[in-house]
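S.K.:
There are 2 protein chains.
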Amino acid sequence: MLLRLSNLFVRTLREDPADAEVASHRLLVRAGYIRRAAPGIYTWLPLGLRVLAKVEAVVREEMQAVGAQEVHFPALLPREPYEATNRWTEYGPNLFRLKDRRDNDYLLAPTHEEMFTLLVKDLYSSYKDLPVTLFQVQTKYRDEARPRAGLIRGREFVMKDAYSFDIDDAGLEASYLAQRGAYERIFTRLGLEYVIVAATSGAMGGSRSEEFLHPTAIGEDTFVRSPGGYAANVEAVTTTAPAEIDATGAPAAHVEATPDTPTIESLVALANAEHPRADGREWTAADTLKNVVLSVVHPDGTRELLVVGLPGDREVDLKRLEAALAPAEAEPAGDGDFAKNPVLVKGYIGPQVLGRAHTGDDTAIRYLVDPRVVTGSSWITGANEQGKHVFDLVAGRDFVADGTIECAEVKAGDPAPDGSGPLELARGIEIGHIFQLGRKYADALGLKVLDVNGKQVTVTMGSYGIGVTRALAALAEANHDEKGLAWPAHVAPAHVHVVATGKDPAVFEAAETIAQALSAQRVEVLYDDRPKVSPGVKFADAELLGVPLVVVVGRGLADGVVEVRPRVGGEAVSVPVAEAPERIIAMVEAL
Amino acid sequence: MLLRLSNLFVRTLREDPADAEVASHRLLVRAGYIRRAAPGIYTWLPLGLRVLAKVEAVVREEMQAVGAQEVHFPALLPREPYEATNRWTEYGPNLFRLKDRRDNDYLLAPTHEEMFTLLVKDLYSSYKDLPVTLFQVQTKYRDEARPRAGLIRGREFVMKDAYSFDIDDAGLEASYLAQRGAYERIFTRLGLEYVIVAATSGAMGGSRSEEFLHPTAIGEDTFVRSPGGYAANVEAVTTTAPAEIDATGAPAAHVEATPDTPTIESLVALANAEHPRADGREWTAADTLKNVVLSVVHPDGTRELLVVGLPGDREVDLKRLEAALAPAEAEPAGDGDFAKNPVLVKGYIGPQVLGRAHTGDDTAIRYLVDPRVVTGSSWITGANEQGKHVFDLVAGRDFVADGTIECAEVKAGDPAPDGSGPLELARGIEIGHIFQLGRKYADALGLKVLDVNGKQVTVTMGSYGIGVTRALAALAEANHDEKGLAWPAHVAPAHVHVVATGKDPAVFEAAETIAQALSAQRVEVLYDDRPKVSPGVKFADAELLGVPLVVVVGRGLADGVVEVRPRVGGEAVSVPVAEAPERIIAMVEAL
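Here's what the structure looks like:
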């Protein structure tokens, strides 16, 4: 393969695109790999499409290697199957919905669980047909509230989605592990660092799920790791609750005036100054109970107020909150909500007046607490009166929550839930997600087969996704420097970038000869044969485009040599022009 | 490659799907290549996807061979570019439209002229950048009023669309011819018979256009051919109008009572009986002027009445009418239209009261005539009074039309417009369409480059489409018999279908050995290793699936032979089992 820059459909840009926040976005656009067509929607130019095809090929090969069979579903799908599983509604505004000319409802599929379930139901009827794992590499749609970071969070994107169908739980576990292994091989072959973390299932449903995260500071996902090997998406971290406390003999709750304490810090300072503990221990923010009022939006659009109580030294983590409430969403309550609910005294909310369990009133505002708020624990919290807080308010004695919720931020140093040591936090991009769905979809859509005894049994399923375009962006993130992209050889749009510099026809002839010789030996060559472009621009373009080996044919030719230099790490070497193709091929093979 | 039927995701069906009208649809579903997901929307199963990939590969190779560069556009696109060319409106109900969560208008692209134009505008600025031809193989959407015939007229389908950009008309001609040549090679390589016919440009706009039709009785397109080599889609046939006639001395028009003449035949009979011509010639249907009232629907939804006059021996051809009126559509006028326009006396409409030119009234109903209605021609037509017709009504003397329209049916025997002899009619499937768009899109979207003199000039464009999934269906139409599909080797999902019959483990061992030996030599093998399926079912499935060579390992094994038979045309041969792989490879190479 020989691409000539003189006619290749590419233009490099010196300026960063205005909307680009991250390197992959900036560089993929500047290097002419992709162009924005609409927010979160991109066009693939020739070089980008070549990289994408290579990433897809690795994914396909590893899917096939574990026996997954490729199919291809439409993107435009009727409403009914998604209605049967309630996802038509649960997806809320993330789903692109439309009507056809007969006024029938359609959607642009975000994932295809329903369709795969129906297809297997359509074709298969016996345990003898199972297990089967099907996959597709297909264009998906999600109407993201905030498309961002180029390909990392887009609205039209390529995904590999696979679905396994098994007769029993052991089969599902085996299918799940086969996909998990394939994912490890895919990301290893792509040269994409990954961490496997425990995850929540979100709108997908099901029991066990794990994410493959590519660790990077620009990642949208926060995950935790412990020295003992625990790893989880921050949404999936469970809090190690302290033991319940025997509150017999604890002081009775007492309301105190707490003027001028707009912050938890000022409240703690006042408490230590004016209401010290009997045992002399200092009050800390962790002794205060912060109550946060949220407006929960259910997928059907209805709203409900919710108050969440958590230790004052922790913030609400919105992503953990969202995962805990999914498929509902939540936002901070507004002034209108407070106005309509005079029981909520802004800044002085306490649980004494909250919760259905506590008040015995089914219409009361629900009150959920962080797992650290155990029975017997004692708190400083709002007294539901302007300027006043209550001290020594004991959980289980003075108030009862309607349940617990995992929405407090996870902090570095928190204990791993499995006792494997203190957690450290890091950020990553979700590049894969595997789910044990169980029987949710099969139940909803009636996928049963005859078992060995001739009895109808519901099939158990797994679903397995790789964000293909997102993985490509992660590769760009992991492989660039300030000058441009620097692709690993196996996904680079070409192996060798030949640059002819100057105006000497002999240079162009020699470069042409080398380019053709390499191309004839199956080396993929990008040849910068542009006649009137300065060496400086050509070198800058080579660095921006990121082909792993750069061959410069120029002034050295007078001495019978060309220069070969790796795009990153490694010295330029002079190679006699006659040996150039052979030497370069060896270097390509060593990449 | 070795696929085993024991676990391949395929189920053959004995029954035809209820909605299948044509063989390709029936057989592709029955053989488990595709499944219907919604009207006109199909899922590709593993075997279908293999054939599709092979067809796409041929298309890609020939595109690249003429220097076209592959890109990939989104399917989900913003309204604005399509608004600029008016296609947002012109596409009418054929366009899938939707809104995103911010209430912005989007569409699912039916073709991508606008986006390619904008992309080239975005990247290129000089004549030195041209010519360039770009293509994509991409999923397209069209909300067909009547999706039918499986993949032949679908609502989601794969298309190869290419676009050329040139500085001048000569460049466009060269780019057009390069694509035309590539199309010939693609269809030749696919083994798909084709006819290139002159075509109309329809909603696409532009000047010259040609269609590649695959001749088949089930085709939706009618085309004509002459002995002298003229070929055209029936919509593009222009009528050879007779010379104008000197009507000096022609009899004056006279109204006659014509009771009981509900048909043209009865009118002609009455005319010959009661009002014979002075010169003794018989009246024929061709002497009557039939006036058809149509309700024209403009893309913006407004309606307008139109009367079309044509010789009584011809019907209105709705597809020619549609092409003539595009982007407007037309349907027969309804009773309400007649009620609102008392000037139209149903069954007795004559042009004396019609037309803006004739009546001088800008609000009058427009009146267009077939080109055969030349100045001086004389007609029997309605007298705009119940039970009466007018005789000897002369065009240009007694009425004037507002123009001509090509909407009369073309009949076998009509003269070719280029004088190359009488036309014959045939039917075909449109598998390719190439357009010289000219500057329509570049003008609308401001695509200009600097010419050699530093002056801004508008780029001229071509657009070139192949219905990839439709071509696959055409291949299935052309290659089947009553028993099933019969793929040409280069697009078949496998080269060899190995069938192991009976229960003897030795048979399965031998079959396995052959299948593996072939697969190791890059022969693509489908191996029917199902243990409990009868030979009859296996043979029927082999015939239905349509792999070109069938190898039967069964009873012959006792005599040391296996049987190799071509799926169609050719004798079964017995081959010693030891020589089987070698002999079969030779037969595959000869396919």
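These protein sequence lines map, in sequence, to chains A and B.
1 is the number of the first residue of the first sequence in this note's numbering; add one for each residue after it.
592 is the number of the first residue of the second sequence in this note's numbering; add one for each residue after it.
Beta carbons: idealized from backbone N, C-alpha and C, even for Gly.
#1: Whose C-alpha, out of B/H1071, B/D1042, B/A914, is nearest the C-alpha of B/E997?
#2: Would you call the region 475–494 of chain A and the region 517–526 of chain A touching, i.e. three or more CB-CB distances under 8 Å?
#3: Quick check: is any heavy atom of the ligand GDP less than 8 Å from the C-beta of A/P327?
#4: By alpha-carbon positions, which one of B/T839, B/A1080, B/A789, B/S798 ends up nearest to B/R816?
#5: Is the shortest distance between the beta-carbon of B/D713 and the beta-carbons of chain A less than 9 Å?
#6: To the nearest angstrom, report how far apart A/E509 and A/V551 are at their CA atoms.
#7: On the three-state DSSP scale, how would you describe A/G336?
#8: What residue range does the beta strand (DSSP E) around B/H845 cover?
#9: Quick test of the definition: if touching needs 3 or more C-beta pairs under 8 Å, does the region 221–238 of chain A touch the region 421–440 of chain A?
#10: Let's test the definition: count the other Cβ atoms within 10 Å of the Cβ of A/E104 and tell me whether it reaches 16, buried, or not, exposed.
#11: Excluding the 5 residues flanking B/T1092 on each side, which residues of the same chain have their C-beta closer than 6 Å to its C-beta?
#12: In angstroms with no decimal places, state the Cα-to-Cα distance between A/V400 and A/V369.
#13: Please report the straight-line C-alpha distance between B/E1170 and A/V449, rounded to a whole angstrom.
#14: To the nearest whole angstrom, what separates the beta carbons of A/L190 and A/A473, a pair I think is in contact under 8 Å?
#15: Starting from B/S857, trace the alpha helix (DSSP H) both ways and give me its first and last residue.
#16: Could you pull the DSSP bridge partners for B/D752 from this structure?
#17: Using DSSP with H/G/I as helix, E/B as strand and the rest coil, what is A/G432?
#18: Below 6 Å CB to CB, which residues in the same chain sit around A/I41 once its five sequence neighbours on both sides are set aside?
#19: For B/R1018, write down the residues that DSSP places opposite it in a beta bridge.
#20: What are the boundary residues of the beta strand (DSSP E) that includes A/S378?
#21: Would DSSP call A/P566 helix, strand or coil?
#22: Can you have a look at A/T363 and say buried or exposed, based on whether 16 or more other CB atoms are within 10 angstroms of its CB?
#23: Tell me the rounded alpha-carbon separation between A/A68 and A/A247.
#24: Thinking C-beta only, is A/A162 closer than 9 Å to A/T133?
#25: Mind listing, in chain order, the continuous alpha helix (DSSP H) runs of no fewer than 4 residues lying wholly within the region 498–571 of chain A?
#26: Return the CA-CA distance between A/A241 and A/D414, expressed in angstroms with no decimal places.
#27: DSSP has A/S126 in a bridge; who is on the other side?
#28: Under 8 Å by Cβ, that's how I've got A/P576 and A/L549 pegged, so tell me the actual separation to the nearest angstrom.
#29: For the pair the region 91–111 of chain A and the region 668–681 of chain B, tell me if three or more CB-CB distances fall below 8 Å.
#30: Counting C-beta neighbours from all protein chains within 10 Å, is the total for A/R35 16 or more, i.e. buried, or is it exposed?
#31: Out of A/L13, A/R142, A/P251, state which residue places its alpha-carbon closest to the alpha-carbon of A/A397.
#32: Just to confirm, are A/Y230 and A/S377 a CB contact at a threshold of 9 Å?
#33: Sort B/L638, B/D607, B/S615 by Cα distance to B/R595 and report the nearest one.
#34: Helix, strand or coil: how does DSSP classify A/R142 here?
#35: With B/T680 as the anchor, note down where its alpha helix (DSSP H) starts and where it stops.
#36: Do you know whose CA, among B/P853, B/H663, B/E1073, lies nearest B/L710's CA?
M.R.: By the coordinates alone:
#1: Position 406 of the second sequence, counting from 1, holds the residue named residue 997 of chain B. Measuring from the Cα of B/E997, the nearest candidate turns out to be B/A914.
#2: Judged by Cβ distances under 8 Å, the region 475–494 of chain A makes contact with the region 517–526 of chain A, as three or more pairs qualify.
#3: As presented, the structure is devoid of all ligands, the ligand GDP included, so that no description of it is given.
#4: Position 225 of the second sequence, counting from 1, holds the residue named residue 816 of chain B. Of the candidates B/T839, B/A1080, B/A789, B/S798, the one whose C-alpha sits nearest the C-alpha of B/R816 is B/A789.
#5: Here residue 713 of chain B is taken as the residue at index 122 of the second sequence, counted from 1. Chain A contact via Cβ: present.
#6: What you label residue 509 of chain A is simply residue 509 of the first sequence in a count that begins at 1. What you label residue 551 of chain A is simply residue 551 of the first sequence in a count that begins at 1. Annotation: A/E509 to A/V551 spans about 14 Å, alpha carbon to alpha carbon.
#7: Indexing the first sequence from 1 puts residue 336 of chain A at position 336. Note: A/G336 maps to helix in three-state DSSP.
#8: Here the question's residue 845 of chain B lines up with position 254 in the second sequence. 845–848 is the span of the beta strand (DSSP E), which, as asked, contains B/H845.
#9: Touching, per the Cβ criterion.
#10: Taking the first sequence and counting its residues from 1, the one referred to as residue 104 of chain A is at position 104. The displayed chain sequence assigns Asn, not Glu, to residue 104 of chain A. Exposed, since its Cβ has fewer than 16 Cβ neighbours within 10 Å.
#11: If you number the second sequence from 1, residue 1092 of chain B lands on position 501. Within the same chain, B/T1092 has close Cβ partners P1126, G1145.
#12: Stepping through the first sequence from its first residue, residue 400 of chain A is reached at position 400. Stepping through the first sequence from its first residue, residue 369 of chain A is reached at position 369. Cα to Cα, A/V400 sits roughly 10 Å from A/V369.
#13: Here residue 1170 of chain B refers to the residue found at position 579 when the second sequence is read from its first residue. Here residue 449 of chain A refers to the residue found at position 449 when the first sequence is read from its first residue. Roughly 43 Å separates the two Cα atoms.
#14: What you label residue 190 of chain A is simply residue 190 of the first sequence in a count that begins at 1. What you label residue 473 of chain A is simply residue 473 of the first sequence in a count that begins at 1. So it is not a contact: roughly 12 Å between Cβ atoms.
#15: Counted from its first residue, the second sequence places residue 857 of chain B at position 266. It spans 855–865 - the alpha helix (DSSP H) in which B/S857 sits, taken as one unbroken run.
#16: Stepping through the second sequence from its first residue, residue 752 of chain B is reached at position 161. Answer by DSSP bridge pairing, in chain order: B/Q727, B/G1056.
#17: Your numbering for residue 432 of chain A matches position 432 in the first sequence. If DSSP states are grouped into helix, strand and coil, A/G432 belongs with the strands.
#18: Position 41 of the first sequence, counted from the first residue, corresponds to residue 41 of chain A. Excluding sequence neighbours, A/I41 sits near R155, E156.
#19: Within the second sequence, numbered from 1, the residue matching residue 1018 of chain B stands at position 427. According to DSSP, B/R1018 bridges with B/T813.
#20: For this step, residue 378 of chain A is matched to residue 378 along the first sequence. Segment 378–382, the beta strand (DSSP E) holding A/S378.
#21: The residue given as residue 566 of chain A occupies position 566 in the first sequence. A/P566: strand per DSSP, three-state reduction.
#22: If you number the first sequence from 1, residue 363 of chain A lands on position 363. So A/T363 counts as exposed.
#23: As a first step, residue 68 of chain A is located in the first sequence; it is residue number 68 there, counting from the start. As a first step, residue 247 of chain A is located in the first sequence; it is residue number 247 there, counting from the start. If you take the alpha carbons of A/A68 and A/A247, they lie about 58 Å apart.
#24: Sequence index remark: in the first sequence, residue 133 of chain A carries index 133 (1-based). Sequence index remark: in the first sequence, residue 162 of chain A carries index 162 (1-based). Contact flag set, yes.
#25: Segments of the alpha helix (DSSP H) lying fully in the region 498–571 of chain A: 505–520, 535–545.
#26: Against the first sequence, residue 241 of chain A aligns to sequence position 241. Against the first sequence, residue 414 of chain A aligns to sequence position 414. Their Cα atoms are separated by approximately 11 Å.
#27: By 1-based counting over the first sequence, the position of residue 126 of chain A is 126. Partner(s): A/L450.
#28: By one-based count along the first sequence, residue 576 of chain A stands at place 576. By one-based count along the first sequence, residue 549 of chain A stands at place 549. Actually they are not in contact, since the Cβ atoms of A/P576 and A/L549 sit about 17 Å apart, beyond 8 Å.
#29: By the Cβ criterion, the region 91–111 of chain A is not in contact with the region 668–681 of chain B, since fewer than three pairs of Cβ atoms, one from each stretch, lie closer than 8 Å.
#30: The sequence position of residue 35 of chain A within the first sequence is 35, counting from 1. Burial check for A/R35: the Cβ neighbour count within 10 Å reaches 16 or more, so the residue is buried.
#31: Walking along the first sequence from the start, residue 397 of chain A turns up at place 397. According to the sequence displayed, residue 397 of chain A carries Arg and not Ala. Taking each of A/L13, A/R142, A/P251 in turn and checking the Cα distance to A/R397, the smallest one comes out for A/P251.
#32: Position 230 of the first sequence, counting from 1, holds the residue named residue 230 of chain A. Position 377 of the first sequence, counting from 1, holds the residue named residue 377 of chain A. It is not a contact, given that the beta carbons lie outside the stated cut-off.
#33: Counting from one through the second sequence, the residue named residue 595 of chain B turns up at place 4. Distances from the CA of B/R595 to each of B/L638, B/D607, B/S615 were compared; the closest alpha carbon is that of B/L638.
#34: Reading the first sequence from its first residue, position 142 is the one you call residue 142 of chain A. Residue state for A/R142 is assigned as coil, using DSSP reduced to three classes.
#35: One-based indexing of the second sequence puts residue 680 of chain B at position 89. Counting along the chain, the alpha helix (DSSP H) containing B/T680 begins and ends at 678–681.
#36: By 1-based counting over the second sequence, the position of residue 710 of chain B is 119. The candidate whose alpha carbon is nearest that of B/L710 is B/H663.
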